[in-house]
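**Q** So the protein lines, in turn, are chains A and B. Counted from 1, the first sequence has number 10 at position 10 by our numbering; the numbering is strictly sequential. Counted from 1, the second sequence has number 79 at position 79 by our numbering; the numbering is strictly sequential. By construction, the Cβ of each residue, glycine as well, lies at the ideal position given by its N, Cα and C atoms. The structure presented is a predicted model; accordingly, all values stated were derived computationally and were not measured.
Number of protein chains: 2
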Amino acid sequence: MPTDRFAALTDAAIAVLAERGMRGLTHRAVDTRAALPQGTTSAYFRTRKALIEAVVRRLADLDRADLDEARLPTEAGMSVTAIEDIDAFAAGIAALLDRWMSTERDRVLARYACLLEATHHPELRTILRYGEASRAQSTAMLAAAGARHPEQAGAHLVACIDGLLFDRLAGAGSSSAPAPGTAANRADLTIAIATLLRAFAGQRPEVATSGS
Amino acid sequence: MPTDRFAALTDAAIAVLAERGMRGLTHRAVDTRAALPQGTTSAYFRTRKALIEAVVRRLADLDRADLDEARLPTEAGMSVTAIEDIDAFAAGIAALLDRWMSTERDRVLARYACLLEATHHPELRTILRYGEASRAQSTAMLAAAGARHPEQAGAHLVACIDGLLFDRLAGAGSSSAPAPGTAANRADLTIAIATLLRAFAGQRPEVATSGS
DNA sequence: TATGGACTTCTACATTTGTAGAAGGAGAGA
DNA sequence: TCTCTCCTTCTACAAATGTAGAAGTCCATA
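Below you can see the structure in the form of C-alpha cells.
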C-alpha cells in the first residue's frame with residue numbers, strides 16, 4: 001500500500017505551502033520538495049483540488065491530535081479556579097503555542113493559508129473543525145471555572161489565543177515579540193494567556209449587554 | 001496623469017485578492033475585475049511583484065487612515081479607568097472591527113493574504129506598519145490607564161483583538177458568531193473587547209470565587 | 001517460469017501566466 | 001497642418017502549470 005507515499009507527499013505539500021504560499025503549491029513543487037520523481041504528485045493527486053483537500057484533512061488530523069493530547073490539565077483534576085492552577089494551565093497552553101510557532105511552524109502557516117482559501121472554497125471548511133474543537137475545550141474549561149457565559153467566553157478566548165499565535169507567526173509580533181522556541185517567548189505567552197484566562201473565566205465586572 | 005487608473009487597478013487587485021486569493025491574483029484577472037481592456041494591468045505594473053507591492057502600500061495607507069480616525073476616544077479626554085469609558089471605548093473598537101469585517105471585508109482579507117505572503121517575501125514587511133501603529137495606540141492607552149507593563153500588554157491586546165477579527169472572517173467564528181454588520185455582532189464584540197481592555201489595563205477581576 | 005496486476009515513472013499537450021514590445025490614438029506645440 | 005510625445009490597447013511568446021495517459025518496473029501467484 002502506498003499509504004506512506006501519500007503521507008510523504010502531503011507533508012511535502014504542507015512544507016511547500018508554508019514556504020511559498022498557495023501560489024507556490026504545484027504538483028511539481030511538491031515532487032521536488034519530497035525528493036521524488038517528477039510526476040509523482042500528479043499520479044497520486046490527479047487534480048490540484050485533491051491535493052489541497054488531502055492537506056486540509058491532514059492538518060485537521062494533526063491539530064486534533066495535538067488538542068487531544070494537550071487537554072491533560074483539565075483532565076488531571078486541575079481546576080481553573082485556583083491562582084496557581086491558572087498559571088500552570090496558561091503555561092501549558094503557552095508551551096503548545098510556542099511549539100506550534102517554532103517546531104510546527106510550517107503546519108500552522110499552512111493552516112492559515114488553507115483557512116484563507118476556505119474563505120472562497122466552502123468545501124474546505126472541514127479545516128474549521130480545529131477551531132470548533134478548541135472552542136469546545138475552552139468552553140468546558142470556562143464552564144468548570146464558573147464563567148457566566150462559557151459558550152460566548154470560550155469562543156472569545158479561543159479567538160484571542162489564536163490571535164497571539166498569528167501575531168507572532170505572521171503579524172507585527174514576528175519582528176518584536178521574543179523569538180519562538182525560547183523560554184522568553186513561553187514566559188511572555190504565559191503572561192498573556194493567564195491574563196486572558198482570568199478575564200474570561202473570572203467573574204468580570206458588569207459589562208454592557210447591548211451594542212451601539 | 002493616470003493616477004486614477006493606478007488607484008482603480010490597485011483596488012481591483014485588492015478585490016481579486018479577497019475573492020480568489022494570492023493564486024488568483026493575475027494581471028488578467030485584475031483587468032477583468034476592473035472592467036478595463038486586457039493588458040492594462042500589465043502596462044501599469046510590468047511585473048507581478050510591482051502589483052503586489054502597490055497593493056501592500058495601499059492597504060497600509062487605508063489602515064493607517066482608519067486608525068488615525070478611530071483614535072478619537074483617547075483624544076477626546078476619555079480615560080480608560082472609568083467603567084463607562086471602558087465600555088464606550090470597547091464599543092468604538094467593536095464598531096471599527098465590525099465595519100472591517102462587513103463593509104471592508106475585501107480589504108481585510110487582502111491584508112491577511114499579504115501578511116501570509118510577507119512571511120516568505122521580506123520586502124513586503126511594510127504591511128506590518130499597521131500592526132505597529134495599532135500597537136502604539138494600544139500601548140499609549142494602557143499606559144494612560146495605569147497598566148503596569150503597557151508595552152507588553154499593548155502588544156498582547158492588539159494581537160487578541162486581531163484574533164477576534166480573523167476568527168470571524170476566516171476562522172470558526174465565521175460560521176458561529178453573529179453575522180458581521182449586525183448590531184448583535186457589535187454587541188458581542190463589545191463584550192469581548194471590554195473584557196480584554198479591563199484585563200490588560202490591569203483591572204482584571206479577582207478570581208477568588210470558588211466552585212459554582 | 002510466465003502472467004496479471006498494481007505501483008511507479010515518464011512524456012505529451014492544451015491552458016494559463018508573466019512579461020515585453022508593437023500598434024494605435026489623442027492632444028500640445030511648432 | 002504636421003509632428004512629437006504620452007497614454008492606451010493589442011499581440012506575441014517563452015515559461016510554467018494542470019491533467020491525462022503511455023511506458024516501465026516489481027512482485028506474488030498460478
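Suppose contacts are defined by Cβ-Cβ distances below 8 Å. Is residue 135 of chain B in contact with residue 158 of chain B by that definition?
**A** yes
**Q** Applying the criterion that 16 or more other CB atoms from any shown protein chain within 10 Å of the CB defines a buried residue, is residue 174 of chain B buried or exposed?
**A** The residue in question, residue 174 of chain B, is buried, as its Cβ has 16 or more Cβ neighbours within 10 Å.
**Q** Exposed or buried, which one is residue 4 of chain B when buried takes at least 16 other CB atoms within 10 Å?
**A** exposed
**Q** Rounded to whole angstroms, what's the CA-CA distance from residue 123 of chain B to residue 202 of chain A? Just pull it up for me.
**A** 43 Å
**Q** Indicate whether residue 60 of chain B and residue 112 of chain B have their beta-carbon atoms separated by less than 8 Å.
**A** no
**Q** Counting C-beta neighbours from all protein chains within 10 Å, is the total for residue 37 of chain B 16 or more, i.e. buried, or is it exposed?
**A** exposed
**Q** Grab the span of the alpha helix (DSSP H) containing residue 150 of chain A for me, first residue to last.
**A** 150 to 169
**Q** When you compare the CB of residue 15 of chain B with every CB in chain A, is at least one pair closer than 8 Å?
**A** no
**Q** Go ahead and label residue 47 of chain A buried or exposed: buried means 16 or more other beta carbons lie within 10 angstroms of its beta carbon, across all protein chains shown.
**A** Exposure of residue 47 of chain A is indicated by the presence of fewer than 16 other C-beta atoms within 10 angstroms of its C-beta.
**Q** CB-CB under 7 Å to residue 11 of chain A, same chain, minus the five flanking residues each way: which ones, in chain order?
**A** none
**Q** According to DSSP, is residue 25 of chain B helix, strand or coil?
**A** coil
**Q** Give, in chain order, every residue of the stretch 35 to 60 of chain A whose Cβ lies closer than 9 Å to some Cβ of chain B.
**A** none
**Q** Check this for me: beta carbons of residue 97 of chain B and residue 25 of chain B, under 8 Å apart or not?
**A** Inclusion of residue 97 of chain B and residue 25 of chain B in the CB contact set at 8 Å is not warranted, their separation being larger than that value.
**Q** Check distances from the C-beta atoms of the stretch 173 to 203 of chain A to those of chain B and list, in chain order, the residues that come in under 8 Å.
**A** Of all residues in the stretch 173 to 203 of chain A, 173, 174, 175, 176, 177, 188, 191, 192, 195, 196, 198, 199, 200, 201, 202 and 203 have a Cβ within less than 8 Å of some Cβ in chain B.
**Q** Leaving out five residues on either side along the sequence, give the residues of the same chain with a beta carbon under 6 Å from the beta carbon of residue 191 of chain A.
**A** none
**Q** According to the Cβ coordinates, are residue 106 of chain B and residue 194 of chain B closer than 8 Å?
**A** Taking C-beta atoms as the reference points, residue 106 of chain B and residue 194 of chain B fail to come closer than 8 Å.
**Q** Taking C-alpha atoms, which residue in A:110, A:100, A:104 and A:55 lies nearest to residue 20 of chain A?
**A** A:110
**Q** So, for residue 143 of chain B: in the same chain, excluding its five sequence neighbours on each side, which residues have a beta-carbon less than 7 Å away from its beta-carbon?
**A** These residues qualify, in order along the chain: 150.
**Q** Start and end of the alpha helix (DSSP H) containing residue 69 of chain A?
**A** 48 to 70
**Q** Buried or exposed for residue 35 of chain B, please, with buried defined as at least 16 other CB atoms from any protein chain shown within 10 angstroms of its CB.
**A** exposed
**Q** Tell me the rounded alpha-carbon separation between residue 41 of chain A and residue 184 of chain B.
**A** 46 Å
**Q** Where residue 117 of chain B and residue 93 of chain B are concerned, what is the direct C-alpha to C-alpha distance, given to the nearest angstrom?
**A** 27 Å
**Q** Compare the C-beta of residue 20 of chain A with all C-beta atoms of chain B and state if any pair is closer than 8 Å.
**A** yes
**Q** Rounded to a whole number of angstroms, what is the C-alpha to C-alpha distance between residue 114 of chain B and residue 127 of chain B?
**A** 8 Å
**Q** Taking 6 Å as the limit between beta carbons, can you name the residues of its chain near residue 167 of chain A, skipping five residues before and five after?
**A** 173
**Q** Any beta-carbon of chain B closer than 8 Å to the one on residue 5 of chain A?
**A** no
**Q** Which same chain residues, not among the five before or five after residue 156 of chain B, have their C-beta less than 7 Å away from its C-beta?
**A** 200
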